[in-house]
Structures are given as C-alpha cells and as structure tokens.
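Participant: Let me give you the structure first, and then I'll get to my questions.
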Amino acid sequence: MWTNLAKRASSTLRNNFRVSSLSPRFCKPQTCKTFQGFPEVGVSQSKFVFHEGFSCSSSWSWSWMVLGRGHASVAEAIESTDTEDDYDEVQKLLEEMAKAEHKVDSSSYKYKLLKRRQIESETEAWAEAAREYGELLEDMRDKKLAPNLPYMKSLFLGWFEPLRNAILADQDLCKDSKCRMSHAPYFNDLPADMMAVVTMHKLMALLMTNANGVGTARVIQAACQIGEAVENEARIYQFMKREKENKSSHLAPVEQSGKLTEENGEMEQKQSRLRKRVAGLMKKQKKLQAMGIIGRQDDWKTWGQEAQVKVGSRLMQLLIETAYIQPPTNQIGDGPPDIHPAFRHTLRTLSNESQRETRRYGVIECDPLVQNGLEKSARHMVIPYMPMLVPPINWTGYDKGAYLFLPSYVMRVHGAKQQREAVKRAPKSQLDPVFEALNTLGNTKWRVNKRVLCVIDQIWANGGRLADLVDRENVPSPKEPDTIDEAEIRKWKWKVKAVKKENSERHSQRCDIELKLAVARKMKDEEAFYYPHNLDFRGRAYPMHPYLNHLGSDLCRGILEFAEGRSLGKSGLRWLKIHLANLYAGGVDKLSYDGRISFTENHLDDIFDSADRPLEGKHWWLQAEDPFQCLAACINLSEALRSPTPETTISHMPVHQDGSCNGLQHYAALGRDKVK
1 MWTNLAKRAS STLRNNFRVS SLSPRFCKPQ TCKTFQGFPE VGVSQSKFVF HEGFSCSSSW
61 SWSWMVLGRG HASVAEAIES TDTEDDYDEV QKLLEEMAKA EHKVDSSSYK YKLLKRRQIE
121 SETEAWAEAA REYGELLEDM RDKKLAPNLP YMKSLFLGWF EPLRNAILAD QDLCKDSKCR
181 MSHAPYFNDL PADMMAVVTM HKLMALLMTN ANGVGTARVI QAACQIGEAV ENEARIYQFM
241 KREKENKSSH LAPVEQSGKL TEENGEMEQK QSRLRKRVAG LMKKQKKLQA MGIIGRQDDW
301 KTWGQEAQVK VGSRLMQLLI ETAYIQPPTN QIGDGPPDIH PAFRHTLRTL SNESQRETRR
361 YGVIECDPLV QNGLEKSARH MVIPYMPMLV PPINWTGYDK GAYLFLPSYV MRVHGAKQQR
421 EAVKRAPKSQ LDPVFEALNT LGNTKWRVNK RVLCVIDQIW ANGGRLADLV DRENVPSPKE
481 PDTIDEAEIR KWKWKVKAVK KENSERHSQR CDIELKLAVA RKMKDEEAFY YPHNLDFRGR
541 AYPMHPYLNH LGSDLCRGIL EFAEGRSLGK SGLRWLKIHL ANLYAGGVDK LSYDGRISFT
601 ENHLDDIFDS ADRPLEGKHW WLQAEDPFQC LAACINLSEA LRSPTPETTI SHMPVHQDGS
661 CNGLQHYAAL GRDKVK
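FYI, full-length UniProt numbering numbers position 426 of the sequence shown as 426, with every residue one higher than the one before it.
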C-alpha cells in the first residue's frame, strides 16, 4: 500500500552518508538500574480501552549502522512485515466490507469505504510504517542506498536492532523465576520488535512537542506514555495470538470413527461464534461491546500506572544505553569514528523561593544533532489521534465514545484519580446534555482550504518570515570580541544567551508548524473529516486531535473551513464583510457594524488583489492581525462579489462571533444561583 521510500529517496535526495559498524558492546544488555531522581509511583489501577496490536517475527542482523548528515525524517515506526495473521478480526471485517461494497448504493459505499480507511488509520498505522521500513531495509542492504537516506531515518535504522537485541536479552532474564526486577511480570507480553518501535516512536514524539522545550522530556511523563502504549498493544496482541492458536488447534481434526468428538465440535463452534460476534460488533461501530467480549475471554489483568511506569522507564534506559550518534564531521580514515550517546538522563532542580525548598526531577535530553532533525520529521510521524473520516461514536460514558478503537475519555484528567472518579459517579441525566453537546461538535464536517494551504506551503518553502510564520533559519551567533575588557566580554555573553534563547524558540515554532502542515497535507484531498471533542477539567470542549484544529492559531483557522457550504444570502454577505474587517483588526474591529462594512467596501481593490495574487500583489492581507484567516475571507468575498448573484454564492467560511463576558456569571456562581 505504501510506496517504497528508498526509491523515492534515491531520486530526490543527494546527501552524503557514511556507513559504520559499531562494536557489539553498544547493544550489550546492562544490569537493570533505576533512574536517579525517579520517584516511587503508587497509583490505583485504571481501565483502558485498547487498540489493535501486531506481532514481530523478523530477525535482522545489526552488523551495520547508517549514520551521517542529511534531512530529518523522525519517528518511522519499525516492525516486521509479517503482521496480517495477528489481527484476524479486523482483517475479516475489512474483507467482509470489501465484498459488500458493490452491493450497496453510492452513499453507503462511500461511507463503508471511509470507515475501512478509518479502521486502518487507527489499527494499522504502525504496521504500515513497519512494512515500509522492511522494504527500505531490504533495499538498503541489496542496493546500498545509504548515501540517499535522510539523516534521522538512518539513525532509527541504527538504533532499532541494538535496542531490540537488548530487549530480547532482558526478556530472557525476566523469564527466570528467580528474577526480581520490578518490570519482569510484564516485559514478555509483547514481542521485542514492537516494544522497540513503541519506545523510539513515543520518546521522539515527546521530545518534539514537550512543554519543557524541544529536545527534552520529563522521565515520568515519557515512562507513563511509553508504558501505556506498550500495554495497549500487548493486550490485543495476546488476545489475537490466543484466538489464532485456538483456531489452529480446532482446525486439526481429532477423529473418532471418522468424526470429530462432540467436545471439540462444540468448542470449535463456540470460538467461531465468538470471532463472528467480535467482527460484527466492530463492523457496527460497537467497539465497547467488542472490547467487553475480549475482556471476558482473555482475563487480562490491567497493569496499572505504576507497572506502566516501570516498563516504560526500563525501555527508556535500554534505549539510552544502545542508541548512539556520529557527528557529520570529516574524520581521519584510519581513526576510530567519533561516536557518543544520542540521549542522556540528567537531573534538574525545581526551587521554591518562598519556602526555600528544592525538588529534583529526571529529564531525558537528546543530542543537539538529533534535535536539529526534529523539525523536519513531522511528515513521517505516525500520529494516532488524527481527524476522523467518519462521524465519531456518540459519547455515552466516561470512556465510551469518539474513536472506533483508540482509547477515548470524555474528560482530560491527567492522572487525577479524584476527577476521573467524579465523572464516573455523575448521574447519567446530568451528563447527557454534555454528551449531546460534544456529539454535536464532533459531527461537524470540516475540510482543508486548498488555496490557503498552497500559499502557506509556498511561503514555508521560501524560508517563512511572512504572515507570522517563523524564520526557518537560525539567528547567527555573535562573534567573540577580540579584547580582554570584562565589560565587553560580559555584553557578548548576554548577546549569545539571547541568541540561543531566540533560536530555541524558533526551533520549537518550526516543529509546531511542521506538525500542523503535515496533518493538513494528509487531509487536503478528503471531502470531509471530523474532530471528536472532549472536556478539560473546567468543562471547556476541545478537539482531541492536538495539532491542526479550528481552535488553534491563525494558521490552523485559515487552513480549515466547513465541508458543508451554505448560500450566503443577504445576511450572510453582510456578516462576511464584518468578519473580514474583524480579522483585519488594527482598531477596525472596534467600529460599529456599519463602519466595518464600509471599511471592507472601501478596500475591495485590495481584497481582489489579495485573492488573485496573494504573494505577487500588494500584500494587503499581510497587514491583518490574522493574515491567513483574512486571506481566506478575501478569497471567499471575491468569489461572492464577482458572482452574478452574490447572495446565492456557496460559502464554507466559519464566521466567528464572540460572546461578551461582563462578569455576571461569576456573580451568579458566587451567589449560588440555581441553573434552570
């Protein structure tokens, strides 16, 4: 299904790489140690909804590691290509839907096709990326395409097998009944290949988007996310594995006088009914009932967050011990390669000046060479919670709704047990209006404004610097003064510090923009997509997809528009003019409605020029406070005014109307007014 990246790389990239062999000591499993500054974690057990898992059966050697310089493409999910047999239920569902497609009308056919793609995006994203990696790995070995491989992808190729081998060695130790390592009871629930994939992918995603700064992540946060992802994959993997074994055993007939025994026949029928029921529930979007069947059959004991942290921290430790990087410097041919760890674990101090207390916490940091490649890696990321291609499942409970297979929770509690339990205890009659509101938001159809996206892509390809897009180049570091004057040296140090801070902020913004554009490019050809919503602890609704959504920055709002258009009518045309003036702002948004309409009508030439020649014209839209939304409004208004009947023009433009806040609701809350 996926194209061969190696072939594309060989024709589009011209970077130089070197191939080096590392000593086996780099992947030798170390004795299990605890991260310094890693607090003991004790939390209650919690339930999760899990998505599809996959097996790994390849046994690649790791006698080489591709290293060098080039463009980045981080977070290639890595796994073997032999995955189809481990999720028979989903495959059966897809096959049934494929057979039924030609029997239904066009609208039903389109929905079934979109649903198939949605299921694949939620359950097969990791496996598809793994297949692509397998093809790339074979081409690398057979055709020697290393010089054409992007830099970060080459690092992942080198990190994978040492990490996998270290996990395998650790799993062998955990099988010993005398092993007392805290993660031992859970470490063999998933194949080493898949554990390596999850560890690298999750950690790199955290390093790319973490609030502590790009290139750093708190140990606890990373361990929780890695451990939870491993358990999610392990549960379904174990269930499907057991079902496959049962199916195989019952297919081998045990004959007595030419017939199956009554006991085996009943068992076979029972297992067949179970598989059909699970597949049927999946087909009908009844994910929770299907997961309930799985839960009753596999007797899976939830790990709990404490065990997740233990597994995640051990996997991170193995990655730190086995992942190395080689700087792209000119080295003497006969000398040893300059190799050093790609990640390191450090301690940071959080001080409280008022109480004169300090607290230390662990942080994972990546090498600057790895960090420099993060901003160009978004297009290769496997982002689980993408916008949905079909309407989300209606919310009916705390963890019942939204995505078909991915774990979904109606409130973002961030590990707060009290909040989670409060939502679960709330009466259904009290939550029904909330669920209804979230369902309404989630069923709104969106699409990508291709004309605005095309303009953004052109600006970004030319280095940014326009319409609030960050400069893609770093600020050059000031030269050290050739003097011994302490005042001059001190001034120079302050300038260096300011430049480093500016470059760090630019780096973070570039990563953010790359992620948003990667999602926009992926969704641009879809007729419509949906954003499942949930709540924060204050009760505010937000899309579950975190990057490109309608509550984001001007960039996001300019790219997105409603998929279902409406005729403007006289009222709509009036509000579109007001909306454009609001987006231009600069004091214009403080005028009366008639004043804003007059402003728009007085700048029609500028509006037409902005719509026709956004990058070659007078750039009037760039003067707006929200330039990309202003550009989208200019395009829509130009189409309407140039139409013979502007009122009948179909518009997809979201027109924002903010409600005023005069504080009365706060007084009402203080006075404990009753809600009617």
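Ideal Cβ positions, reconstructed from N, Cα and C, are used throughout, including at glycine. All of these numbers come straight from a predicted model, not from anything done at the bench.
When you compare each of Glu616, Ser643, Met653 and Glu233 to Phe405 by their alpha carbons, which one comes out closest?
Facilitator: If you number the sequence shown from 1, residue 405 lands on position 405. Nearest of Glu616, Ser643, Met653 and Glu233 to Phe405, Cα basis: Glu233.
Participant: Sorted by chain position, which residues of the same chain lie with C-beta nearer than 7 Å to Asn443's C-beta, five sequence neighbours on each side aside?
Facilitator: Working through the sequence shown from its first residue, we reach residue 443 at position 443. Closer than 7 Å at the Cβ level, and outside the excluded window around Asn443, lie Pro391 and Tyr530.
Participant: What number of angstroms, rounded off, separates the C-alpha of Pro368 from the C-alpha of Ala528?
Facilitator: Within the sequence shown, residue 368 is the residue found at index 368, counting from 1. Within the sequence shown, residue 528 is the residue found at index 528, counting from 1. Their Cα atoms are separated by approximately 40 Å.
Participant: Looking only at C-alpha atoms, which of His666, Cys174, Glu228 and Pro191 sits nearest to Arg164?
Facilitator: One-based indexing of the sequence shown puts residue 164 at position 164. With distances taken between Cα atoms, Arg164 lies closest to Pro191.
Participant: How big is the Cα-Cα spacing for Asp457 and Glu639?
Facilitator: The residue you call residue 457 lines up with position 457 of the sequence shown. The residue you call residue 639 lines up with position 639 of the sequence shown. Those two C-alpha atoms are separated by around 22 Å.
Participant: Just list the residues that DSSP pairs Leu560 with in beta bridges.
Facilitator: Residue mapping note: residue 560 aligns to position 560 of the sequence shown, counting from 1. DSSP output for Leu560 lists Val448 as bridge partner(s).
Participant: Comparing alpha-carbon positions, which option in Gly362, Asp658 and Glu321 lies nearest Ile578?
Facilitator: Numbered from its first residue, the sequence shown carries residue 578 at position 578. Of the candidates Gly362, Asp658 and Glu321, the one whose C-alpha sits nearest the C-alpha of Ile578 is Asp658.
Participant: Quick one: using the 10 Å Cβ neighbour count with 16 as the cut-off for buried, is residue 684 buried or exposed?
Facilitator: No answer is possible for residue 684: it lies beyond the span of the chain, which begins at 1 and ends at 676.
Participant: In terms of DSSP beta bridges, what is Pro543 paired with?
Facilitator: The residue you call residue 543 lines up with position 543 of the sequence shown. Per DSSP, His533.
Participant: Under 9 Å, do Leu664 and Leu535 count as touching if we go by C-beta distance?
Facilitator: One-based indexing of the sequence shown puts residue 664 at position 664. One-based indexing of the sequence shown puts residue 535 at position 535. For Leu664 and Leu535, no; Cβs fall outside 9 Å.
Participant: Between the C-alpha atoms of Thr648 and Val470, what's the straight-line distance to the nearest angstrom?
Facilitator: On the sequence shown, residue 648 is found 648 positions in, with the first residue counted as 1. On the sequence shown, residue 470 is found 470 positions in, with the first residue counted as 1. So the two alpha carbons sit approximately 39 Å from each other.
Participant: Counting only the same chain and skipping the five closest in sequence on each side, list residues whose C-beta sits under 8 Å from that of Ser59.
Facilitator: For the purposes of this step, residue 59 is taken as the residue at position 59 of the sequence shown. Its pLDDT being 33, under 50, Ser59 is placed unreliably in this model, and the coordinates cannot settle the point.
Participant: Go to Trp575, then tell me how far its alpha helix (DSSP H) extends in each direction, as first and last residue.
Facilitator: Within the sequence shown, the letter at position 575 stands for residue 575. Looking at the DSSP string, the run of the alpha helix (DSSP H) that includes Trp575 is Gly569 to Tyr584.
Participant: Grab me the residues of Phe562's own chain with a C-beta within less than 8 Å of its C-beta, minus the 5 sequence neighbours each way, in chain order.
Facilitator: For this step, residue 562 is matched to residue 562 along the sequence shown. Within the same chain, Phe562 has close Cβ partners Thr444, Lys445, Trp446, Arg447, His652, Met653 and Pro654.
Participant: Below 9 Å between beta carbons: does that hold for Val230 and Gln326?
Facilitator: On the sequence shown, residue 230 is found 230 positions in, with the first residue counted as 1. On the sequence shown, residue 326 is found 326 positions in, with the first residue counted as 1. Not a contact, by the Cβ cut-off of 9 Å.
Participant: With H, G and I counted as helix, E and B as strand and the rest as coil, what does DSSP make of Lys400?
Facilitator: Counted from its first residue, the sequence shown places residue 400 at position 400. It is a strand residue.
Participant: Taking DSSP as the reference, what is the three-state secondary structure of Leu155?
Facilitator: On the sequence shown, residue 155 is found 155 positions in, with the first residue counted as 1. Three-state DSSP puts Leu155 in a helix.
Participant: Quick test of your reading: Lys310 and Ser182, contact by CB under 8 Å. State the CB separation rounded to the nearest angstrom.
Facilitator: Locating residue 310 in the sequence shown gives position 310, counting from the first residue. Locating residue 182 in the sequence shown gives position 182, counting from the first residue. At roughly 5 Å, the Cβ-Cβ gap stays under 8 Å, so Lys310 and Ser182 are in contact.
Participant: Are any of the Cβ atoms in chain C nearer than 9 Å to that of His183?
Facilitator: Judged by its chain identifiers, the structure shown contains no chain C, having just a single protein chain.
Participant: Under the rule that 16 or more other beta-carbon atoms within 10 Å means buried, what is Leu350, buried or exposed?
Facilitator: Residue mapping note: residue 350 aligns to position 350 of the sequence shown, counting from 1. Under this definition Leu350 is an exposed residue.
Participant: Which residue from Ala166, Asp612 and Phe628 puts its Cα closest to that of Ser553?
Facilitator: If you number the sequence shown from 1, residue 553 lands on position 553. Nearest C-alpha to Ser553: Phe628.
Participant: What is the C-beta distance between Ser313 and Val219, in whole angstroms, given that I count them as a contact (C-beta under 8 Å)?
Facilitator: As a position in the sequence shown, residue 313 is number 313, starting the count at 1. As a position in the sequence shown, residue 219 is number 219, starting the count at 1. Contact holds; Cβ gap of about 7 Å.
Participant: If you compare alpha carbons, which of Lys202, Leu315 and Ala323 is closest to Leu157?
Facilitator: Position 157 of the sequence shown, counted from the first residue, corresponds to residue 157. Among Lys202, Leu315 and Ala323, the Cα nearest to that of Leu157 is on Ala323.
Participant: So Gly464 packs on Arg472, CB below 8 Å; how close in whole Å?
Facilitator: For this step, residue 464 is matched to residue 464 along the sequence shown. For this step, residue 472 is matched to residue 472 along the sequence shown. That pair is a contact at about 5 Å.
Participant: Once DSSP output is grouped into helix, strand and coil, what is the label at Val470?
Facilitator: Here residue 470 corresponds to residue number 470 of the sequence shown, with the count starting at 1. Three-state result, Val470: coil.
Participant: List the endpoints of the continuous alpha helix (DSSP H) containing Ala487.
Facilitator: Residue mapping note: residue 487 aligns to position 487 of the sequence shown, counting from 1. Element bounds for Ala487: Glu486 to Met523.
Participant: Does DSSP classify Leu551 as helix, strand or coil?
Facilitator: Here residue 551 is taken as the residue at index 551 of the sequence shown, counted from 1. Three-state DSSP puts Leu551 in coil, outside helix and strand.
Participant: From Tyr385, Asp432, Ser571 and Val410, pick the residue whose C-alpha is nearest to that of Leu548; which is it?
Facilitator: Indexing the sequence shown from 1 puts residue 548 at position 548. Out of Tyr385, Asp432, Ser571 and Val410, Tyr385 has the C-alpha closest to the C-alpha of Leu548.
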